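Okay, structure first, notes after.
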Amino acid sequence: MNAESQHSQQHSENQLSETRLSQQHFSEKQRSEKQHSEKLHSEQQNSEQQNSEQQNSEHQNSEHQHSGHQLLKQHSEKQHSVRQSAEQQLLEKQCLEPHPAINSTNSPAGQIGRLTLTAVLVASAAALQIVESPLPRFLPWLKPGLANAMTLFALLRISASAAMTVAVFRTAVAAVFMGSLLSPVHLMSFAGATSAALSMTVLRKIFPATGLATLSVFGALVNNFAQLAVVQFMFASNLSIGLHLALMIWVALPSGLIVARVTQELLRRTP
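In this text, residue positions in the sequence shown follow my numbering: the first is 11, and each later residue adds one.
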């Protein structure tokens, strides 16, 4: 009985020892798994932090590049604008200078060139006036006045006398073709064209640096005023001067700018 009791006690101690070893092994295994999990979590956090820092760095680089592109674009646009402005000023300066070959009065070629170009301008201006005549308008003197572009071209490219010649003869030629020679319409057109040519000549003489648009708008305004004066004188009508002056200014501005643009293109395309 004692031997069996000792054997049973030893067996129970062995089982208890195995249980303790098993618990220790299980505890160490849990501790190892926990450390491994914490290590993986830490590595994951570090990786996410590195990715976040890399994304922030890439975003900052992208913003810097975008800002650099915008600065380069603004600089390029500014240079392009300055270049266009300089080219425009140079073109206008060249346009306002008389052509040396045409204005050379010492050579027969220069005189022939002046006469030929003046004749072409007279014919072109008369054709434009004839084309404009059937266009509907509120008042007789309210029209685009594209024929004045030929007068302005003659003033800038040839001389003041050539501009006056174009103004006088283009109204006469147009009146002959339209059957209105010496009629009130012809007299109104004659007064407007010659007054515009004379006023632009005087303005350019007093202020040589006057721009093309200013000359054209001033000529259009004087043209309309001269035609209004002829209507008032011939028909002694009770026109509202204030209203018609306002209409003249309103019409002269866009028509003058259009004429200036046409003249500029003619000057640019003509050698």
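Glycine included, every Cβ here is placed at the ideal spot set by N, Cα and C.
Please read these numbers as outputs of a predicted model, since none were measured by experiment.
**Report entry** Backbone secondary structure at THR220 - three-state DSSP
**Finding:** Reduced to three states, the DSSP call for THR220 is coil.
Query raised in the report: By Cβ distance below 8 Å, which residues in the same chain neighbour VAL132 in space, the five residues on each side in sequence not counted?
Result: Contacts found: MET160, THR175, VAL176, PHE179, ARG180 and VAL183.
Query raised in the report: In chain order, what residues of the same chain lie with their CB nearer than 7 Å to the CB of VAL213, ignoring the 5 residues before and after it?
Result: Reading off the sequence shown, one finds Leu at residue 213, where the question assumed Val. Within the same chain, THR220, LEU225 and PHE228 come within 7 Å of LEU213 by CB-CB distance, once the 5 residues on both sides are set aside.
Query raised in the report: Does the distance from the CB of MET198 to the CB of LEU231 come in under 9 Å?
Result: The answer is no: Cβ separation not under 9 Å.
Query raised in the report: Going by the CB atoms, is the gap between ALA236 and SER193 shorter than 9 Å?
Result: Cβ distance not < 9 Å, so SER193 and ALA236 don't count as in contact.
Requested in this report: Between the Cα of GLN139 and those of LEU222, PHE187, ARG271 and GLU38, spot the shortest distance and give me the residue it belongs to.
Outcome: The shortest C-alpha separation from GLN139 is found at PHE187.
Requested in this report: Tell me whether ALA157 sits in a helix, a strand or coil according to DSSP, three-state version.
Outcome: Of the three classes helix, strand and coil, the one that applies to ALA157 here is coil, per DSSP.
**Report entry** Collapsed DSSP secondary structure at GLY189 in the structure displayed
**Finding:** In the structure shown, GLY189 adopts coil according to DSSP, grouped into three states.
Query raised in the report: How should VAL269 be labelled, buried or exposed, when 16 other C-beta atoms within 10 angstroms of its C-beta is the threshold for buried?
Result: Label assigned to VAL269: buried.
Query raised in the report: In three-state DSSP terms, what is THR280?
Result: THR280: coil per DSSP, three-state reduction.
**Report entry** Neighbourhood of ALA223 by C-beta, 8 Å cutoff - its chain only, sequence neighbours within 5 removed
**Finding:** Taken in chain order, the residues that qualify are GLY266, LEU267 and ALA270.
Query raised in the report: Going by beta carbon distance, what residues of the same chain come within less than 6 Å of PHE163, once the five residues before and after it are set aside?
Result: Taken in chain order, the residues that qualify are THR273 and LEU276.
Requested in this report: Determine the direct distance from the alpha carbon of LEU156 to that of ALA173, and round the result to whole angstroms.
Outcome: Answer to the nearest angstrom: the Cα atoms are 14 Å apart.
Query - Three-state secondary structure (DSSP) of SER62 - result: Of the three classes helix, strand and coil, the one that applies to SER62 here is helix, per DSSP.
Report task. Could you have a look at PRO194 and say whether DSSP puts it in helix, strand or coil? Result -> PRO194 falls in the helix class under three-state DSSP.
Query raised in the report: Under a three-way DSSP split, which group does SER209 fall into?
Result: Shown here, SER209 sits in a helix according to DSSP, grouped into three states.
Query raised in the report: So what does DSSP say about PRO264, is it helix, strand or coil?
Result: Correct three-state label for PRO264: helix.
Requested in this report: With distances taken Cα to Cα, identify the nearest neighbour of THR128 among ALA170, VAL141, GLU142 and LYS88.
Outcome: Each of ALA170, VAL141, GLU142 and LYS88 was checked against the Cα of THR128, and the nearest Cα belongs to ALA170.
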